[in-house]
Amino acid sequence: MTPPTGRYAHARRTGRALRHAAAALAAVTLLAACGSDTGSDAPAAGDFEGRPWNTGDLSGKITNVGFGGTFSDTEFEHVWRPFTAITGVEVVEVPWSTDIYNRIESQVGAGRVDIDQFSVTAGNYEQFADCCLEDIDYSLFPKNVLDTMDDQYKLPKAIGYAEASIVLAYNLDSYPNADSRPTSWADFWDVERFPGKRSLQNFEPVKVIEAALLADGVTPEQMYPLDFDRAFRKLEQIKPHVVKWWGSGTEAQQLLATGEATMVAMSNARIEDLIDQGAPVAYTLNQALAHVDFLAVPKGAPNVKASMASIAFRFEPSIGARIGEAWRQPIPSTAIYEAADKSLADHWTTSTNNVPELGGVPNDITFRIDSFYWYKPYNGTDRSNYDVVNERFQSFIAG
Numbered sequence: 101m102t103p104p105t106g107r108y109a110h111a112r113r114t115g116r117a118l119r120h121a122a123a124a125l126a127a128v129t130l131l132a133a134c135g136s137d138t139g140s141d142a143p144a145a146g147d148f149e150g151r152p153w154n155t156g157d158l159s160g161k162i163t164n165v166g167f168g169g170t171f172s173d174t175e176f177e178h179v180w181r182p183f184t185a186i187t188g189v190e191v192v193e194v195p196w197s198t199d200i201y202n203r204i205e206s207q208v209g210a211g212r213v214d215i216d217q218f219s220v221t222a223g224n225y226e227q228f229a230d231c232c233l234e235d236i237d238y239s240l241f242p243k244n245v246l247d248t249m250d251d252q253y254k255l256p257k258a259i260g261y262a263e264a265s266i267v268l269a270y271n272l273d274s275y276p277n278a279d280s281r282p283t284s285w286a287d288f289w290d291v292e293r294f295p296g297k298r299s300l301q302n303f304e305p306v307k308v309i310e311a312a313l314l315a316d317g318v319t320p321e322q323m324y325p326l327d328f329d330r331a332f333r334k335l336e337q338i339k340p341h342v343v344k345w346w347g348s349g350t351e352a353q354q355l356l357a358t359g360e361a362t363m364v365a366m367s368n369a370r371i372e373d374l375i376d377q378g379a380p381v382a383y384t385l386n387q388a389l390a391h392v393d394f395l396a397v398p399k400g401a402p403n404v405k406a407s408m409a410s411i412a413f414r415f416e417p418s419i420g421a422r423i424g425e426a427w428r429q430p431i432p433s434t435a436i437y438e439a440a441d442k443s444l445a446d447h448w449t450t451s452t453n454n455v456p457e458l459g460g461v462p463n464d465i466t467f468r469i470d471s472f473y474w475y476k477p478y479n480g481t482d483r484s485n486y487d488v489v490n491e492r493f494q495s496f497i498a499g
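Position one of the sequence shown corresponds to residue 101 (the working numbering), numbered consecutively onward.
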């Protein structure tokens, strides 16, 4: 999982309030006291008898790197507390920080690891795979879920568990005519047909570059390798109309809800939050820029067996569906989608149903980012595409 600026997970469980977890570092006490209180729709232990991960001899605790707030609340509600109730394994959370990856790498090198599970991006995976990660035990996972996942999400040492998207969101007060609303990145760039200010993210070029190229007519099939010069020429066209390059999901929401920006490239979860709050906003999933985050276990983790079991548990359709409904960013598997409430899941980028107000069939109209491309060498150098282009991007938005 990427840091909070790039990862927005907010609860959407309708009909009941979220039960808030205690402070992350007090999670063991909470789980011991409330292990059986996982909600009226909580899974029963008998539901998972005979599963490969449910060996009956799991014990101890696992330490997960979490992101706090509502994200962690819903993770404890839908994953950790049920897992503890079934296996007896306690779960504690330590907060994500900017140095977490260096910390894990140092711990592995020193042979003193205190983390059992953490989220990685494609770039982190490239950094850690050889030196620092345990092999994923795919024999523990539900076959129907694995069979409906793309191979690119089933890596030897990490598995994709959350598909997030940047979408074209717009203010309805700015575009009141239902027949004249933006539906593509070309429309985002078309300030004559769709007047108003724009806003895009400032913290990295990934997804901004792809949006610019889609706006310039590049097809998904032609996207990689990326033509960075062409993308920056296209960004030059929109730059005078960017009221602000946003740095957090909250900032993106404020810009759109107030109408300061009439269109914002922002997280699908954040725009759904605004809609739930009654803000005059909408979005299209056409050309949604989707990427997947991965779960991994550090090499030499204190409780590898229980950690692997907990990851496999998350991929049980009944569990994956609930956490996907809450986060709005699901495991990239149609088996998870099929197990979910369609009134929520049809807004996922994995949906196979037509959703006219979102532009069509989400799974068909979504553009999936090749995250691994960004971490390949830039023009044969010893630096990655990401590092080189991010420097150029930061200079571009600052100038």
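Heads up, the beta-carbon is just placed ideally off N, CA and C, and yes, glycines get one too.
Tell me which residue opens and which closes the alpha helix (DSSP H) that residue 184 is part of.
181–187
If the criterion is Cβ atoms closer than 8 Å, does the pair residue 245 and residue 435 meet it?
yes
Residue environment, residue 428, which counts as buried when at least 16 other CB atoms sit within 10 Å
buried
Quick check on the burial criterion: 16 or more other C-beta atoms within 10 angstroms. Buried or exposed for residue 466?
buried
Check whether the region 259–266 touches the region 382–399, taking contact to mean three or more Cβ pairs, one atom from each stretch, closer than 8 Å.
yes
For the pair the region 222–231 and the region 473–488, tell me if three or more CB-CB distances fall below 8 Å.
yes
What is the DSSP secondary structure of residue 352, counted as helix, strand or coil?
helix
Okay, do the region 358–365 and the region 205–220 touch, 3+ Cβ pairs below 8 Å being the bar?
no
Would you check if there are 3 or more beta carbon pairs closer than 8 Å linking the region 439–449 to the region 251–258?
no
Compare the C-alpha of residue 457 against each of 143, 283, 188, 350 and name the closest.
283
From 196, 173, 241, 185, residue whose alpha carbon lies closest to that of residue 417
241
For a test of the three-state rule: what should DSSP assign to residue 253, helix, strand or coil?
helix
Other residues of its chain near residue 325: CB distance less than 8 Å, five sequence neighbours each side excluded:
473
Could you round the C-beta distance between residue 404 and residue 193 to whole angstroms and report it? I think they count as a contact, below 8 Å.
With a Cβ gap of about 18 Å, residue 404 and residue 193 do not count as contacting.
Quick one: what does DSSP say residue 288 is sitting in, helix, strand or coil?
helix
Counting pairs of Cβ atoms below 8 Å between the region 372–386 and the region 303–311, do you hit three or more?
no
Assumed close pair residue 299, residue 342 - CB separation to whole angstroms, cut-off 8 Å:
6 Å
Alpha-carbon spacing of residue 305 relative to residue 259, whole angstroms
24 Å
Here's the rule I'm using: 16 or more other beta-carbon atoms within 10 Å means buried, otherwise exposed. How should residue 433 be labelled?
buried
Helix, strand or coil at residue 480 [DSSP, three-state]:
coil
Can you tell me whether residue 104 is helix, strand or coil according to DSSP?
Only weak support is given to the placement of residue 104: the predicted model assigns it a pLDDT of 37, under 50, and the question is left unresolved by the model.
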